[in-house]
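Here the working numbering is used: the first residue of the sequence shown is 5, the next is one more, and so on.
Glycine included, C-beta positions come from ideal geometry on N, C-alpha and C.
This structure is a prediction, so every number in the text was calculated from the model and none was measured.
First comes the structure, then the notes that go with it.
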Amino acid sequence: MPNGNAENDAKPLDFEAAMRDLEEIVERLEHGDLPLEESLAAFERGVMLTRSCQSALKDAEQKVEILLKKPGGLGVADFDADETKGA
């Protein structure tokens, strides 16, 4: 399988793979020994991975809420993201 960036960007990563990639990027950037252009490319990829992870988490949250609202479910309390940010 080719390892080109265009192919990697074309298909979505699962959450765990995106997190692993993001952790590797952070580690590489923290070392500070990448040339500027590589650092910028890694940062850009990191932003894309972060957005992908946020989207996956939001989708999972919505699925859980739907499952809990079904008849026989345990019920659900509304999630307020603003409450968790202030803590």
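Pairwise C-alpha distance: residue j and residue i
i	j	result
M23	L53	7 Å
E41	E69	42 Å
Residues near residue i in its chain [Cβ-Cβ closer than 7 Å; skip 5 each side]
i	result
P75	none
G19	Note that residue 19 is Phe in the sequence shown, not Gly. The residues are C57 and A60.
Cut-off 8 Å between Cβ atoms - residues of its own chain near residue i, not counting five sequence neighbours on either side
i	result
D25	L17, R49 and L53
A46	I29, R32, L33 and L38
Please determine if the region 60-77 and the region 26-41 are in contact, where contact requires at least 3 C-beta pairs separated by less than 8 Å.
The region 60-77 is not in contact with the region 26-41.
Which ranges does the alpha helix (DSSP H) cover as unbroken runs of at least 4 residues, wholly within the region 25-74, from first to last along the chain?
40-73
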